[in-house]
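Have a look at the structure below before the remarks.
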Amino acid sequence: MSICSETVKCENCGKIHEIDLKVINTYYGEERQMGPEEFFVLEGDKDCDCGQQMLVTGTGWSYPATGEMEDWTTDDCEGCNTFEDE
Ligand SMILES: [Zn+2]
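When the sequence shown is numbered by the numbering used here, its final residue is 147 and no position is left out of the sequence of numbers.
Below, the structure is given as C-alpha cells:
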C-alpha cells in the first residue's frame, strides 16, 4: 500500500510537521467501463509540541480497482493548514 504524507503547519504556533496518512477504509464508486473505481479513506493525526492536535483527512483512488492507490488528495485539515491553503 502506498504511503501518503502531507506537510502541514500548526495553526497555533506555525511549526511545520509531516503527517503520515493511513488507509482507514475503502469503498467502491460507480461502475465504469473497467469496473468500479476504488476509493481509500485516509486519516492521519499528530500532536504539536505546543499541545495543538492536528488531524488530516484525504481520499485516494484506484481505477481500475487494484487495491493499490494510484493517487490521492488531501480533503481537510483540523488544527493545521496545508501549504495549498495559503
Ligand atoms: Zn503548534
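Backbone N, C-alpha and C fix where the C-beta goes; we use that ideal spot for every residue, glycine too. Quick caveat: nothing in here was measured; it's all calculated off a predicted structure.
{"query": "Environment of K70 [buried if 16+ CB atoms lie within 10 Å]", "result": "buried"}
{"query": "With 16 other Cβ atoms within 10 Å as the buried cut-off, status of I85", "result": "exposed"}
{"query": "Runs of beta strand (DSSP E) lying entirely within the segment 75–140, each at least 3 residues, in chain order", "result": "77–93, 96–108, 114–123, 132–139"}
{"query": "C138 CB to nearest heavy atom of ligand 1 below 7 Å", "result": "no"}
{"query": "Residue span of the beta strand (DSSP E) that contains E72, given as start and end", "result": "Premise fails: E72 is in no beta strand (DSSP E) and is neither H nor E."}
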